[in-house]
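Some notes on the structure that comes next.
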Amino acid sequence: MILNPWVIAMYVSLLGMTALYLYAWIISLQIVKRWDAASMEQGQLMLERRSHLAAIIIQYGFWIQVMSLVLFYVTLESVSEVIPGAMCATGSLQANSFGFPSLFVKIAATILCVLWLSLHHVDSRLEDYRLTPLKFRVLLFLAPLVVVDLAFQFFYFMELDPEIISSCCGVVFEIEGKGLGASVASLPPYPMMIAFYGAIPFLLLVGLVFAREATPWGYYTYSGLGVLFFLLSILAIISFISPYVYEAPTLHCPFCLMRQDYGYIGYLLYLLLFGAFLLSLLPGLLELLKGKGLAVHQVVRGLQRKALNISLVLWGLFVIVPTLIIVVYEMRSGAGHLFD
Amino acid sequence: MIRVMSVSKVYNKGEPNQVRAVWEVSLHVPQGEMAVVRGPSGSGKTTLLTLIGCFARPSSGEIQVAGKPISRLPEKFMTLHRRKHVGMMFQQFNLIQDLSVEKNVAIPLYPLQLSGRLIDERVDALLHMVRLDKRRAFPVKRLSGGEQQRVAIARALANDPEIVLADEPTAHLDTALSQELMTMLQALKAEGRTIVIASHDPVVYGHPSVDRVLTMKDGCLSEV
Amino acid sequence: MNRYLNLLDFTLYSLLRRKWKILFLMLLFSYLVFLFSSVLLLTGAIKNEAKKGVRALPDITIQRLTAGRQVPIPAAYGEKLREVFGIEEIEPRIWGYYFVASTQANYTILGYDNERDAWKDLGRIVLQGTNGVSLGEGEAILGEGILKDRYLRLGQTLSLDTPSQTTKSFQVVGAFKGVTNLLTYDVILLNQRDAREILGVEEGFVTDFSVYISNKNEITTVAKKIMQILPGTRVVIKNQLARTYDMVYSWRSGFTLITLLGCLFAFAMMVWERASGLSAEEKREIGILKATGWDTSDILIMKSWEGLGISFTSFVAGLIGSYVFTFVLGAPLLKSLILGWSVLYPPFTFTPSVSLDQILVLLSLTVVPYLIATVIPSWRAATVDPDTVIRGV
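Chains as they are written, first to last, in this note's numbering: chain A, 267 to 606; chain B, 885 to 1108; chain C, 7 to 399.
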């Protein structure tokens, strides 16, 4: 078990957040059981007020989630200094079986948080609490995920043992190595570039055309493409973007991008990527709500349009940033291309 | 403008201390009229005003303002409705004593999307209207009863409401000041605002600008 | 945007009206941040110093152990080491400890071999008094701690006893003005022959070997080979040392932080209690705000601004305080907790540094719990019924 200030900070913020989320879960249970929008009784008024509290908790919770993601990365880096064989966050995550699952649960919880807050945003603009029961049924499933996050975190740090050797990112993301990371790193860079740059105009075209049409299938298609492009982007980061950042064709680590040595470029890339991904999910997901009535329809329409436009901008920026890095490298290097 | 239809308000329903503050009250106040609700203390005048002003929801019945039902709105939309349409003068003034005159008047404007400059302009106009320009920076606790009443009026008008409610506005004023207050309310009525006053002061319900006087007793209403 | 700014304006005004009440809270919170921050900054600074020191060490150090204690190692082992592929350089070293009964201090004596340049790592440490390092017999270069302990200056004489109960004198020709006092504070550098004599290391033996590896990725592999050809020796890898330092200091700071967590919890409870107990005046004021057009979310924004304002101001004050305490005052008392006790205490000043990581950790340990503790009380305040103020209930 490794005890350092980063780990302690993680526990403190996670425990606080879990306590709040559990309280929000209890409120959700009360609302799902007793909500009656037509009632004028004091009990209903109390439930309405508690629904505000649950929403505030999730809003605070979101910011704490984001901070704990960054803190988790920083902790992994600090822990990598004491785990033999681990040179960066990848090595720390490899150190035991809770590492990567912990990371994925965290990311999933943050994404679901954003989606819930979007639902809340729509609900809060309606005059009749129409979406409130649905909102809290969803929260019944979201809140326990935070408990899972805490549990995984706990087991991960408990199991960390500085005596056990881990592998560094050079091994995990090794070309011709074994495992998922290695398979991704082994993807041929040039075809990957073609796939990546070929997909983006397609995505932008769909987005810009359907932005004008605003048809249901347009939104579903755009969101679906958003998911695919997100996955493609992750592959692109590992297969060719990160080597260009490190200026080394054999280095493919998706975490070392966030180091100071590389100007913290990873933070910018992932911020753009996740921002674009989440906002491109919204038009399709929100479309599902339109059947709930005219008022919902009107509120949702405005939000879909906004989400669509901002996501297009973010996707654009996400593609531009690594392209600039690649172009600058190729212009400077002179001695042949990186992957030759 | 204001339609109240068989509205009741019961506090602590089902408990030993249950109170029927308002019971089966119906009334209609057309736009631009001034109505006074009179009655003894505890008759439910204040509660009726809070229901009309959308400060609380009735236990049963319906209230409409300008054709729009307001009795079943979520709390947030009750506030939005009040912000747009209602200005209220409270029985106890309900001013924040430690704050200056201008800050008290500006309170309703803070949650709005107005720039600081616009807020200042609005406050200037209001203070000029109630003749308190020179006392703007004074903490309210240093003002006389009459002056505090004027601050309360200015604050009630900050959001330029169509409906002005006043709960016992002359409770802390002498006759002369009460007359002055009624003159100000008359001017507001002339601007097309709808005014409802709860008061048992003859200076108020006897004023010539009052269009109708209603009497409340034990939560029930009758017109005079 | 305007709405947030307007509400912020009102919040600041509101805080100023209650400044004495919240001052106590802010002082307490600043102190808590100060405590946490001092531990973090100090540990960070010590780790940095240790890292610098470790960088100057050889890749592998080979020692001989008998009954678990280090004993001199035959110089002939150096020949065996040449068989191991991947070793760039092998340097035999003479060094040891010298105990002074009168001051209860332990000096570290290092033997310097002019010809073989055994202490190339020391070349990276700035020296005062000599140009480069060239020590004749009867000469010594001292660390700051020795100079102070013996009240010596350059040019004066240091006397040391040999195991055969004779006394030898050495002229002080130089002093370490260490990049890191952590390594050189208690060091006496002597010519290798003198060191042998003082330490009683016989001819044919050395204290240990420094080994430098050409390919740094191969250090572990080479270390394993050395362990095979020289059984009975202890092979210490530089990385292991770095890791050990890191772990020790992380552990100590972690432990200290855990004891401080009790304070944090108590503080959070206090904040909760305080925030929950709205005075009649505060309740009335919120009722007035709600009665004049503020809704629940406006009050919540105001309360959030309040919480952020108090916590961030206290955070900055605590952080500045701890920066001064650690890097200007040298962290008295706290330093003992983290470094451990010793007579010859390096009073080195730390290189000031505050990283974003540390700030993130501090925010998580202080501001986040504070905000969490105020969420529910803020909401309770925000849901005060305007009706109650109107009816005077």
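Every residue gets a Cβ at the ideal spot worked out from N, C-alpha and C, and that includes glycine.
Keep in mind the model is a prediction, meaning the values are calculated, not measured.
Is the Cβ-Cβ distance between Gly260 of chain C and Leu426 of chain A less than 8 Å?
In the third sequence, residue 260 of chain C corresponds to position 254, counting from 1. In the first sequence, residue 426 of chain A corresponds to position 160, counting from 1. Taking C-beta atoms as the reference points, Gly260 of chain C and Leu426 of chain A fail to come closer than 8 Å.
Any contact between the region 388-401 of chain A and the region 350-364 of chain A? By contact I mean 3 or more CB pairs, one from each, below 8 Å.
No, the region 388-401 of chain A does not touch the region 350-364 of chain A.
By the criterion of Cβ-Cβ separation under 7 Å, what are the contact partners of Phe961 of chain B in chain A?
Here residue 961 of chain B is taken as the residue at index 77 of the second sequence, counted from 1. Within 7 Å Cβ-Cβ: Glu393.
Please check if any C-beta of chain B sits within less than 8 Å of the C-beta of Trp257 of chain C.
Translated into positions along the third sequence, residue 257 of chain C becomes position 251. Answer no: the Cβ-Cβ gap between Trp257 of chain C and chain B never drops below 8 Å.
Could you spell out the range, first to last residue, of the beta strand (DSSP E) harbouring Arg967 of chain B?
On the second sequence, residue 967 of chain B is found 83 positions in, with the first residue counted as 1. Counting along the chain, Arg967 of chain B falls outside any beta strand (DSSP E), though it belongs to the alpha helix (DSSP H) covering Glu959 to His969.
What separation, rounded to the nearest whole angstrom, lies between the Cα atoms of Leu935 of chain B and Pro942 of chain B?
To locate residue 935 of chain B, count along the second sequence from 1; it is residue 51. To locate residue 942 of chain B, count along the second sequence from 1; it is residue 58. Cα to Cα, Leu935 of chain B sits roughly 6 Å from Pro942 of chain B.
Burial state of Ile504 of chain A, where buried means 16 or more other Cβ atoms lie within 10 Å:
Translated into the one-based positions of the first sequence, residue 504 of chain A becomes position 238. With a 10 Å radius around the Cβ and a threshold of 16 neighbouring Cβ atoms, Ile504 of chain A comes out buried.
I'd like the span of the alpha helix (DSSP H) that includes Ile991 of chain B, first residue to last.
In the second sequence, residue 991 of chain B corresponds to position 107, counting from 1. No alpha helix (DSSP H) contains Ile991 of chain B, which DSSP labels as neither H nor E.
In DSSP terms, what Trp101 of chain C is bridged to:
Reading the third sequence from its first residue, position 95 is the one you call residue 101 of chain C. C:Leu116, per the DSSP bridge assignment.
Using the Cα positions of Gly916 of chain B and Ile294 of chain C, report the straight-line distance between them to the nearest angstrom.
Here residue 916 of chain B refers to the residue found at position 32 when the second sequence is read from its first residue. Here residue 294 of chain C refers to the residue found at position 288 when the third sequence is read from its first residue. Inter-residue distance for Gly916 of chain B and Ile294 of chain C is about 27 Å (C-alpha atoms, whole angstroms).
Can you find the residues in the same chain that come closer than 8 Å, C-beta to C-beta, to Pro410 of chain A, ignoring five residues on each side of it along the sequence?
Counting from one through the first sequence, the residue named residue 410 of chain A turns up at place 144. If we look at Pro410 of chain A and ignore the five residues flanking it on each side, its Cβ neighbours are Trp291.
Could you tell me whether the region 262-274 of chain C touches the region 33-43 of chain C, using the rule of 3 or more Cβ pairs below 8 Å?
These segments touch.
Find the residues of chain A that neighbour Asp252 of chain C, judging by a C-beta separation of less than 8 Å, and give them in chain order.
Residue mapping note: residue 252 of chain C aligns to position 246 of the third sequence, counting from 1. Here the neighbours are Glu347 and Val348.
Can you find a C-beta in chain C that's less than 8 Å from the C-beta of Pro992 of chain B?
Counted from its first residue, the second sequence places residue 992 of chain B at position 108. Chain C contact via Cβ: present.
Near Tyr339 of chain A, which residues of its chain fall below 8 Å by C-beta distance, leaving aside the five closest residues on each side in sequence?
Position 73 of the first sequence, counted from the start, is the residue given in the question as residue 339 of chain A. For Tyr339 of chain A, where only same-chain residues beyond five positions count, the Cβ hits under 8 Å are Ala355, Phe521 and Met524.
Residues of the region 939-961 of chain B in Cβ contact with chain C at a cutoff of 8 Å, in chain order, please.
Cβ contacts with chain C come from Phe939, Ala940, Glu959 and Lys960.
Of the listed residues B:Asn1043, B:Gln981, B:Val989 and B:Arg1026, nearest to Asn970 of chain B (C-alpha basis)
Taking the first residue of the second sequence as 1, we reach residue 970 of chain B at position 86. The identity of residue 970 of chain B in the sequence shown is Val, whereas the question assumes Asn. The shortest Cα separation from Val970 of chain B among B:Asn1043, B:Gln981, B:Val989 and B:Arg1026 belongs to B:Asn1043.
When you check each C-beta in the region 317-331 of chain A against every C-beta of chain C, which residues fall closer than 7 Å?
Listed in sequence order: His318, Leu319, Ile322, Ile323, Tyr326 and Ile330.
Count the other C-beta atoms from every protein chain shown that fall within 10 angstroms of the C-beta of Ser285 of chain C, then say buried if there are 16 or more, exposed otherwise.
In the third sequence, residue 285 of chain C corresponds to position 279, counting from 1. Taking all protein chains in view, the Cβ of Ser285 of chain C is surrounded by fewer than 16 other Cβ atoms within 10 Å, so the residue is classified as exposed.
Please state if the CB of Gln325 of chain A and the CB of Leu313 of chain A are separated by a distance shorter than 8 Å.
The residue given as residue 313 of chain A occupies position 47 in the first sequence. The residue given as residue 325 of chain A occupies position 59 in the first sequence. Their beta carbons are not under 8 Å apart, which means Leu313 of chain A does not touch Gln325 of chain A by this criterion.
For Ile531 of chain A, the nearest candidate out of A:Leu551, A:Thr516 and A:Phe584 (CA to CA)
Translated into positions along the first sequence, residue 531 of chain A becomes position 265. Ranked by Cα distance from Ile531 of chain A, the first of A:Leu551, A:Thr516 and A:Phe584 is A:Phe584.
With 8 Å set as the bound, which would you pick, yes or no: does the beta-carbon of Met312 of chain A sit closer than that to a beta-carbon of chain B?
Translated into the one-based positions of the first sequence, residue 312 of chain A becomes position 46. No, Met312 of chain A lies away from the interface with chain B (no Cβ there is under 8 Å from its Cβ).
Once you ignore the five residues that flank Val273 of chain A on each side, which residues in its own chain have a CB closer than 8 Å to its CB?
Counting from 1 along the first sequence, the entry for residue 273 of chain A is found at position 7. Short of 8 Å from the beta carbon of Val273 of chain A, and not among the five residues preceding or following it, lie these beta carbons of its own chain, in chain order: Thr341, Val345 and Phe423.
Tell me whether Asp1109 of chain B sits in a helix, a strand or coil according to DSSP, three-state version.
Residue 1109 of chain B is absent from the model: chain B starts at 885 and stops at 1108.
Rounded distance between the beta-carbons of Pro455 of chain A and Phe506 of chain A, thought under 8 Å
Locating residue 506 of chain A in the first sequence gives position 240, counting from the first residue. Locating residue 455 of chain A in the first sequence gives position 189, counting from the first residue. So it is a contact: roughly 4 Å between Cβ atoms.
Quick one: using the 10 Å Cβ neighbour count with 16 as the cut-off for buried, is Ser320 of chain C buried or exposed?
The residue given as residue 320 of chain C occupies position 314 in the third sequence. Buried is the label assigned to Ser320 of chain C, since at least 16 other Cβ atoms lie within 10 Å of its Cβ.
Considering only the beta carbon of each residue, do Ile235 of chain C and Ile66 of chain C sit closer than 8 Å?
Looking up residue 235 of chain C in the third sequence gives position 229. Looking up residue 66 of chain C in the third sequence gives position 60. The answer is no: Cβ separation not under 8 Å.
For Asp167 of chain C, which three-state DSSP category applies?
On the third sequence, position 161 is the one that residue 167 of chain C refers to. The answer is strand: DSSP assigns Asp167 of chain C an E or B state.
Below 6 Å CB to CB, which residues in the same chain sit around Val390 of chain C once its five sequence neighbours on both sides are set aside?
Mapped onto the third sequence, residue 390 of chain C falls at position 384. The residues are Lys289, Ile292 and Gly293.
Do Gly327 of chain A and Val374 of chain C come within 8 Å of each other at the CB atom, strictly closer than that value?
For this step, residue 374 of chain C is matched to residue 368 along the third sequence. For this step, residue 327 of chain A is matched to residue 61 along the first sequence. Not closer than 8 Å, so no.
With a threshold of 16 other CB atoms inside 10 Å of the CB of Ala124 of chain C, please say whether the residue is buried or exposed.
Looking up residue 124 of chain C in the third sequence gives position 118. In this prediction, Ala124 of chain C scores a pLDDT of 46, lower than 50, which makes its location untrustworthy; no coordinate-derived value is stated.
Check distances from the C-beta atoms of the region 301-321 of chain C to those of chain A and list, in chain order, the residues that come in under 8 Å.
Answer set for the region 301-321 of chain C: Thr302, Ser303 and Leu306.
Check the Cβ of Arg249 of chain C against every Cβ in chain A and list those closer than 8 Å, keeping chain order.
Walking along the third sequence from the start, residue 249 of chain C turns up at place 243. Scanning chain A for C-beta atoms nearer than 8 Å to the C-beta of Arg249 of chain C yields Glu347, Val348, Pro350 and Pro428, reported in chain order.
Using C-beta distances below 8 Å, list every residue in its chain close to Val413 of chain A, excluding the 5 sequence neighbours before and after it, in chain order.
Working through the first sequence from its first residue, we reach residue 413 of chain A at position 147. Thr284, Tyr287 and Leu288, listed in sequence order.
Please state the DSSP three-state secondary structure of Ser384 of chain A.
As a working note, residue 384 of chain A is residue 118 in the first sequence. Secondary structure at Ser384 of chain A: helix, using DSSP grouped into helix, strand and coil.
Which residues does DSSP list as the beta-bridge partners of Glu946 of chain B?
Working through the second sequence from its first residue, we reach residue 946 of chain B at position 62. In DSSP, Glu946 of chain B forms a bridge with B:Met889.
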